[in-house]
Structures are given as C-alpha cells and as structure tokens.
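Trainee: Right, I'll just put the structure down here and ask away after.
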Amino acid sequence: MARMTAARAAVEILKREGVTNAFGVPGAAINPFYRALEEGGGIDHTLARHVEGASHMAEGYTRTEAGNIGVCIGTSGPAGTDMITGLYSAIGDSIPILCITGQAPTNVLHKEDFQAVDIASIAKPVTKMAVTVLEAAQVPGVFQQAFHLMRSARPGPVLIDLPIDVQLTEIEFDPETYQPLPVYKPAASRAQVEKAIGLLLDSERPLIVAGGGVINADACELLVEFAELTGTPVVPTLMGWGILPDDHELNAGMVGLQTSHRYGNATFLESDFVLGIGNRWANRHTGYKMDVYRKDRTFVHVDVEPTQIGKIFAPDYGIASDAKAALELFVEVAKELKAAGRLPDRGEWIARGQEHRATLLRRTHFDDIPMKPQRVYEEMNKAFGPETRYVSTIGLSQIAGAQMLHVYKPRHWINCGQAGPLGWTIPAALGVATADPDAQVVALSGDYDFQFMIEELAVGAQHRIPYVHVLVNNSYLGLIRQAQLGLGINFQVNLEFENINSPELGVYGVDHVKVAEGLGCKAIRVTDPNELGAAFEQAKKLAQEYRVPVVVEAILERVTNISMSRTADISDVTEFEEIATEPWHAPSAIKTLKA
866 MARMTAARAA VEILKREGVT NAFGVPGAAI NPFYRALEEG GGIDHTLARH
916 VEGASHMAEG YTRTEAGNIG VCIGTSGPAG TDMITGLYSA IGDSIPILCI
966 TGQAPTNVLH KEDFQAVDIA SIAKPVTKMA VTVLEAAQVP GVFQQAFHLM
1016 RSARPGPVLI DLPIDVQLTE IEFDPETYQP LPVYKPAASR AQVEKAIGLL
1066 LDSERPLIVA GGGVINADAC ELLVEFAELT GTPVVPTLMG WGILPDDHEL
1116 NAGMVGLQTS HRYGNATFLE SDFVLGIGNR WANRHTGYKM DVYRKDRTFV
1166 HVDVEPTQIG KIFAPDYGIA SDAKAALELF VEVAKELKAA GRLPDRGEWI
1216 ARGQEHRATL LRRTHFDDIP MKPQRVYEEM NKAFGPETRY VSTIGLSQIA
1266 GAQMLHVYKP RHWINCGQAG PLGWTIPAAL GVATADPDAQ VVALSGDYDF
1316 QFMIEELAVG AQHRIPYVHV LVNNSYLGLI RQAQLGLGIN FQVNLEFENI
1366 NSPELGVYGV DHVKVAEGLG CKAIRVTDPN ELGAAFEQAK KLAQEYRVPV
1416 VVEAILERVT NISMSRTADI SDVTEFEEIA TEPWHAPSAI KTLKA
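The working numbering puts the first residue of the sequence shown at 866, with every later residue one more than the last.
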C-alpha cells in the first residue's frame, strides 16, 4: 500500500474527481496542502488577491460547464471567514464548490491559537457539509463524501477544514484504486409525469417556468424538446435564462418584480397553468402578492429537493425529481400523446405571447449625454453575439441588463441570484474565463460592485485571463437609492466627489481607468453613447492582443430609475422611463416593435 501525507492523498482525490483548477491564497496553516499541490501536479492554481475573490472565482468556474466543481483554498481564519460569502452565494444558487481550509494543530484548537477559528461551525448554515477533520486516516473518506454530497440531490458547497498536523501525517492510501461514490438523484415515476401532463392538457393557456435546476441537471435540450412537443411557452427564471434562446418562438420572456419583461409579465398574468421545473419560486420572480401570482392558475412543481416543494406555496401537484430524470419521462409521454393525436394545438396561445413580445417593449435608444443606461445595453446587444457569456451579480446594472440584453445558450448568463454580493462580478468573470478560455466573456457592473473587489483585476493581468468588463458609472448606489424612494429619503447612497487627481471627471470620483491600468489592465472611458460600439470593438481587440481584462467605462446620467414594482406586485410594475412607441426606440429588440 502506498504511503503519503493526508494532504497529498487529498490532492490525488481531487484529480480523480475531475478537478483541474483551483483558486486560493496560501498561508501558514494550509502550506502543507500547497506543497502537495505542487508535488502532485495536474491542478492549475490561480492566486487570488482576496480570499473572498477566490471563492467567487470557484463559483464562476463551476457555473460555466456542466460537471465542473470549483475549488477555493485558504487558511481557516481569516481566509475561511472571507470565503463564507462565496459559500452562501453557492448554496443559495445550488452551486457545488469545495472550500479547503488549513487549521491550527489539533492540540491547540481549544487554546485560541493564532488564526484558529471554528470555521466548520461558522460554515455549517451555508454548506451541505462543513467538517474539521481530526484524524488523518479520515481524510480520503471525507473528501470522497464531499464530492458525493456536492453532486447529489440539490447541488451545493462543502467546506473541509484540515489542521496542519493532520495534513502532514502520513497515511496508507492507494490513489490508483480510488473510485468516486455514486451520485444520488431522485427520479420521477411514469405515473407522476402522466398526472402532471394530464393537468397541462386540461389547461388552455399553459406555461413552463424553467429554473436553474434545469441548467444544473444539463437538461436544457430536453426541456426545449418537451416545450416544442406540447406547444407550451417557457418563462425562464433569472437563473434559468438561456435554457432556450431568447429568439425562440416559445420564449415568453422573464417574469417578476425587477428582472422581467413587460411582455413576460403580461403573458404570465393571462396563463391558467404553470409547470415549474428546477425553480424555487424566488421572491423577485413571484413578488410578495402571492394572490396575484397564483390567481386562477394550477401549479405543478418539479424539484430535486423534496423540501422545496411547498416551501413558498403549496402547488396543486409536486414531484421530487432531478430535472433531467423528470424531463426524460415528460418527453417520452409527450411523444406518445403526439403520436396518438392527443396533444392540443396551442398556436393561438403561442401567437398571443409573441404579440405581447412585439408590442410591450421598453425604450433603449436615447442620445442623451451623460448617457442613459438603456443605450449601453442596446449597444452591447449589437457588439456581442450569441456566443457571449455574460457575468453579473446585483444592482440596477444587473436588473436593467436582464431586462434588455439577449441570451441564447445555457450558462451564458452567469449570475449570482440569491445572495447578490457586491464585488462578485470581477472574480466570477475570472473564474468563467478560466473555465472557458476561448469564450467571449463580458462582465457587467455598476461602479460600486466594481469597486468592491477591484483588486482582482490584477489576477487577470498576472494570469493572463482576458475578458471585457462593461462598467456603468453613475457614482451612485443606484438600486439602494431607488429602494429609498418609498421611504422618502436619499441617504448615504451618493458616491460622488471631485477627484483632485482627475479633475476632468467632475463629480464622478474614482478614476476607474487609472486604477485598472495601475492593476495591469486596459481601460476605455466613454461619455458619448454614439461611441460605445467602437469602444466595445476596441475592447475585444485589446483583450485578445494583451490577454488581460479590458474595462469599458460608460459615464451615465446620475439618476435613472429602472422599471420595477414598487408594491411587490408583478401586475403593478412602474415604467419610470419612456416605453417604446416607435420601432427605432428599441432597435436591438428580439422582435421589431409593432407601432
């Protein structure tokens, strides 16, 4: 039997579980694991500038390709505590990442040793498993169980805490005979699917609400096939955006309080049946007026996690199943019904949704200087094609982007949905670009999100990770300012100041171009909306030439209110800006406006 340190055994297991990349920051208590990483080879490591950044890089890496599991590494404290936000983000969106922390020696854990913290207890609420391994011989089994848990049922993160003496202890371990544990996924039965389809057939105006669980299960093609067989329009959630192309005739648009389309909400409110698959009825989708969301509709909910069913509201019928396993049966039954001539013609209902799509549009074309944000997204639609992988987290920039950008493929809108931490976008984009180095990766941030973890741009410069970062700058906490309207305040949300080193900025404060360049990246500032297209083209070329992140900063008007509900009611969304009334008002829309 081979003998090796427990740290080396852990590295060998990572490789055999398919890990090829890791993100982290070394420290004294995790250095034995880093030595094992170097000696073992086979895993590329990206050195982050902040350990929270490493956790978000791991998230971006996981979210990019089916089967990926991002790994982030640091000491237990303070690195482990820094990574808690990444773990929270991952569990909220059902994203498997593995956090490995290095702990003080086991014999001093009770003595308040330097940087010793009970990270497992801290991490338990935001992980599927968090454990401090006290016996070196348990390390292989704990890592094996970690990958089993991350992949099984509802995916999610795990934290493994390794005291330094445990890492250094030699154990008996044979990597050549190591086998991953079988993954557990609940599966729907034929009878359950037949009942659900029966309810769908009884309806006149059905919809499918497709969530991130469909993407996690790698089941997007099956969902589109089922929708096409049955003629059922699809509402993607924010986490499910890209399951079917935006220009597909069955794409009904997104629904909700904020990241929604006028036509999506209108179509949903006319529906009488909703089949939710791999979604969790998030409040930004449903709103808080559940009587509006549920009114006169029959609901079927399919989710991999049984306790999700009924958590927000009781559906008329629930099925605990992995989305792929369920959709395989949904397609099978639908094909049989079609062959028997038992599927109704939904042409009129589909046409109704597409009519909404051609008439209920928001205006994007404005020539104002300082520019309106809507114009930025219009120009992004023109500059970045259907292969683009967008990355964004939270704020008015993300909300407006979700209302106006176009996504055509799964995993091409990579978004932190539940947690929404500021600062997520830069490191997540670096993780995405690491996972798919040939992709056109475009990140989208407001100025505050951008500033939260701006130091991670240096990671892109050091490791030659190119992507384009669109920064919309109004020198305001725009979403929080808009949320304060109902309270009648505008307090502690303005970021403007006159920068003594960059007087040409006026009150826009931080010189993002200088900072980006100082961190080894390229940057372009745009003040005229008519110059955005050229700037995006230049940014793409610079990213390819220099292999670094390229920032395109768009200087916006200070205040723009983005469409959203002020009453938490999806039937009552306020359109603060002009809506489109002429075709040229929304020239990059999927459908040309019917005036």
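Cβ atoms here follow ideal geometry from the backbone N, Cα and C, with glycine treated the same way. Fair warning: this is a prediction, and the values are worked out from it, not measured in the lab.
#1: Cys937 lies in the beta strand (DSSP E); which residues open and close that run?
#2: Use the C-beta contact count for Trp1449: other C-beta atoms within 10 angstroms, 16 or more gives buried, fewer gives exposed.
#3: In terms of residues, what are the limits of the alpha helix (DSSP H) holding Val1198?
#4: Please name the residue or residues paired with Gly889 in a DSSP beta bridge.
#5: Using the Cβ count rule (16 or more neighbours within 10 Å means buried), how would you classify Asn1148?
#6: Just the C-alpha distance for Asp1376 and Glu1363, rounded to the nearest angstrom, thanks.
#7: Could you give the residue range of the beta strand (DSSP E) that holds Asp1156?
#8: When DSSP labels each residue in this structure, what does Val1307 get in the three-state scheme?
#9: By Cβ distance below 8 Å, which residues in the same chain neighbour Ala1445 in space, the five residues on each side in sequence not counted?
#10: Quick one: residues in its chain with C-beta nearer than 7 Å to the C-beta of Tyr1158, no 5 flanking neighbours on either side, listed in chain order?
#11: So the beta strand (DSSP E) Pro1071 belongs to, where does it begin and stop?
#12: Tell me, to the nearest whole angstrom, how far the beta carbon of Ala893 is from that of Thr870; I am working on the premise that it is less than 8 Å.
#13: Thinking C-beta only, is Leu1014 closer than 7 Å to Val1023?
#14: Go through its chain and collect everything with a Cβ distance to Tyr1049's Cβ below 7 Å, but skip five positions before and after it.
#15: For Gln1357, count neighbouring Cβ atoms within 10 angstroms of its own Cβ and tell me buried if that reaches 16, exposed if not.
#16: Sort out for me which residues DSSP pairs Asn1359 with in a bridge.
#17: Does the Cβ-Cβ distance between Ser1428 and Leu1122 come in under 7 Å?
#18: Put Lys993 into one of helix, strand or coil per three-state DSSP.
#19: May I ask you to list the residues that DSSP assigns as paired with Gln968?
#20: To the nearest whole angstrom, what separates the beta carbons of Asn1280 and Met1119, a pair I think is in contact under 8 Å?
#21: Alpha carbon to alpha carbon, how far is Ala1205 from Ala1404? Give it in angstroms, no decimals.
#22: Kindly provide the ranges of any beta strand (DSSP E) runs that are 3 or more residues long and lie completely inside the stretch 1091 to 1169, ordered along the chain.
#23: Less than 8 Å between C-beta atoms, sequence neighbours within five positions excluded: which residues of the same chain meet that for Asn972?
#24: Are Leu1192 and Leu1064 touching if we call contact CB-CB under 7 Å?
#25: Measure the alpha-carbon distance for Arg928 versus Cys937 and round it to whole angstroms.
#26: Here's a check: name, in chain order, each residue in its chain whose Cβ is nearer than 6 Å to the Cβ of Gly1183, leaving out the five neighbours to either side.
#27: With distances taken Cα to Cα, identify the nearest neighbour of Thr1425 among Pro1414, Leu1370, Glu1369, Leu1344.
#28: Leaving out five residues before and five after Gly1260 in sequence, what residues of the same chain have Cβ atoms less than 6 Å from its Cβ?
#29: Could you check where the alpha helix (DSSP H) with Pro897 kicks off and where it finishes?
#30: Where does Asn1426 fall in DSSP's three states?
#31: Which one of Ile1177, Asp1111, Glu1320, Lys1160 has the shortest CA to CA distance from Arg1222?
#32: Out of Ala1011, Thr1042, Ile1062, Ala1002, which one is the CA nearest neighbour of Ile1036?
#33: Would you kindly check if the distance between the Cβ of Pro1020 and the Cβ of Ser959 is under 7 Å?
#34: Can you find the residues in the same chain that come closer than 8 Å, C-beta to C-beta, to Ala969, ignoring five residues on each side of it along the sequence?
#35: Give the secondary structure of Gly1007 by DSSP, where H, G and I count as helix, E and B as strand, and everything else as coil.
#36: Count the C-beta pairs between the stretch 1376 to 1391 and the stretch 1280 to 1292 that are closer than 8 Å, then say yes if the count reaches three, no if not.
Mentor: In this structure, then:
#1: Position 72 of the sequence shown, counted from the start, is the residue given in the question as residue 937. Run containing Cys937: 935 to 940, per the beta strand (DSSP E) assignment.
#2: To locate residue 1449, count along the sequence shown from 1; it is residue 584. It counts as exposed.
#3: Along the sequence shown, one-based indexing puts residue 1198 at 333. In the DSSP annotation of this structure, the continuous segment of the alpha helix (DSSP H) that includes Val1198 starts and ends at 1188 to 1204.
#4: Within the sequence shown, numbered from 1, the residue matching residue 889 stands at position 24. Leu912, Ile938, per the DSSP bridge assignment.
#5: As a first step, residue 1148 is located in the sequence shown; it is residue number 283 there, counting from the start. Burial call: exposed.
#6: As a first step, residue 1376 must be located in the sequence shown, where it is residue number 511. As a first step, residue 1363 must be located in the sequence shown, where it is residue number 498. Distance from the CA of Asp1376 to the CA of Glu1363, rounded to the nearest whole angstrom, comes to 10 Å.
#7: Counted from its first residue, the sequence shown places residue 1156 at position 291. Run containing Asp1156: none in the beta strand (DSSP E); it sits in the alpha helix (DSSP H), 1155 to 1159.
#8: Taking the sequence shown and counting its residues from 1, the one referred to as residue 1307 is at position 442. Assignment of Val1307 by DSSP, reduced to helix, strand and coil, places it in the strand class.
#9: For the purposes of this step, residue 1445 is identified with residue 580 of the sequence shown, where counting begins at 1. Here the set comprises Leu1226, Arg1227, Arg1228, Thr1229, Ala1451, Ala1454, Leu1458.
#10: Within the sequence shown, residue 1158 is the residue found at index 293, counting from 1. Contacts found: Thr1151, Gly1152, Ile1435.
#11: Taking the first residue of the sequence shown as position 1, residue 1071 is located at position 206. Residues 1071 to 1075.
#12: Locating residue 893 in the sequence shown gives position 28, where the first residue counts as 1. Locating residue 870 in the sequence shown gives position 5, where the first residue counts as 1. Their Cβ separation, rounded to whole angstroms, is 16 Å, which puts Ala893 and Thr870 out of contact at 8 Å.
#13: Start at 1 with the first residue of the sequence shown, and residue 1023 comes out as number 158. Start at 1 with the first residue of the sequence shown, and residue 1014 comes out as number 149. Yes, these two residues count as a Cβ contact at 7 Å.
#14: Here residue 1049 is taken as the residue at index 184 of the sequence shown, counted from 1. These residues qualify, in order along the chain: Ser1017, Ala1018.
#15: As a working note, residue 1357 is residue 492 in the sequence shown. Looking at its Cβ environment, which holds fewer than 16 other Cβ atoms inside 10 Å, Gln1357 is exposed.
#16: Locating residue 1359 in the sequence shown gives position 494, counting from the first residue. The partner list for Asn1359 (beta bridge, DSSP) reads Tyr1341.
#17: The residue you call residue 1428 lines up with position 563 of the sequence shown. The residue you call residue 1122 lines up with position 257 of the sequence shown. It is not a contact, given that the beta carbons lie outside the stated cut-off.
#18: On the sequence shown, residue 993 is found 128 positions in, with the first residue counted as 1. Reduced to three states, the DSSP call for Lys993 is coil.
#19: Mapped onto the sequence shown, residue 968 falls at position 103. In the DSSP output, where bridge partners are listed per residue, Gln968 has Pro1028.
#20: Residue numbering aside, residue 1280 sits at position 415 when the sequence shown is read from its first letter. Residue numbering aside, residue 1119 sits at position 254 when the sequence shown is read from its first letter. A Cβ-Cβ distance of about 12 Å is found for the pair Asn1280 and Met1119, leaving them out of contact under the 8 Å criterion.
#21: Looking up residue 1404 in the sequence shown gives position 539. Looking up residue 1205 in the sequence shown gives position 340. Rounded to whole angstroms, Ala1404 to Ala1205 spans 55 Å at the Cα level.
#22: Whole beta strand (DSSP E) segments, 3+ residues: 1099 to 1101, 1138 to 1142, 1163 to 1168.
#23: As a first step, residue 972 must be located in the sequence shown, where it is residue number 107. Residues Asp1030 of the same chain have their beta carbon placed closer than 8 Å to that of Asn972, with the five preceding and five following residues left out of the count.
#24: Along the sequence shown, one-based indexing puts residue 1192 at 327. Along the sequence shown, one-based indexing puts residue 1064 at 199. No, the Cβ-Cβ distance between Leu1192 and Leu1064 is not below 7 Å.
#25: Position 63 of the sequence shown, counting from 1, holds the residue named residue 928. Position 72 of the sequence shown, counting from 1, holds the residue named residue 937. Taking the straight line joining both Cα atoms gives about 14 Å.
#26: Your numbering for residue 1183 matches position 318 in the sequence shown. Cβ neighbours of Gly1183 within its own chain (closer than 6 Å, five residues either side excluded): His1166, Ile1174.
#27: For the purposes of this step, residue 1425 is taken as the residue at position 560 of the sequence shown. Among Pro1414, Leu1370, Glu1369, Leu1344, the Cα nearest to that of Thr1425 belongs to Leu1344.
#28: Along the sequence shown, read from residue 1 onward, the residue named residue 1260 stands at position 395. Answer for Gly1260: Gly1311, Asp1314, Leu1344, listed in chain order.
#29: For the purposes of this step, residue 897 is taken as residue 32 along the sequence shown, with counting starting at 1. Counting along the chain, the alpha helix (DSSP H) containing Pro897 begins and ends at 896 to 905.
#30: Mapped onto the sequence shown, residue 1426 falls at position 561. Asn1426 carries a coil assignment under DSSP once its states are collapsed to helix, strand and coil.
#31: On the sequence shown, position 357 is the one that residue 1222 refers to. Nearest to Arg1222 by C-alpha distance, out of Ile1177, Asp1111, Glu1320, Lys1160, is Asp1111.
#32: Taking the sequence shown and counting its residues from 1, one reaches residue 1036 at position 171. Ranking Ala1011, Thr1042, Ile1062, Ala1002 by Cα distance to Ile1036 puts Ala1002 first.
#33: Counting from one through the sequence shown, the residue named residue 959 turns up at place 94. Counting from one through the sequence shown, the residue named residue 1020 turns up at place 155. Using a Cβ distance threshold of 7 Å, Ser959 and Pro1020 count as a contacting pair.
#34: The count along the sequence shown starts at 1 and reaches residue 969 at position 104. Around Ala969: Ala894, Ser941, Asp978, Phe979, Gln980, Ala981, Pro1028, Ile1029.
#35: Translated into the one-based positions of the sequence shown, residue 1007 becomes position 142. One point to set straight first is that residue 1007 is Val, not Gly, in the sequence displayed. In the three-state DSSP reduction, Val1007 falls in the helix class (H, G or I).
#36: No: fewer than three Cβ pairs fall under 8 Å.
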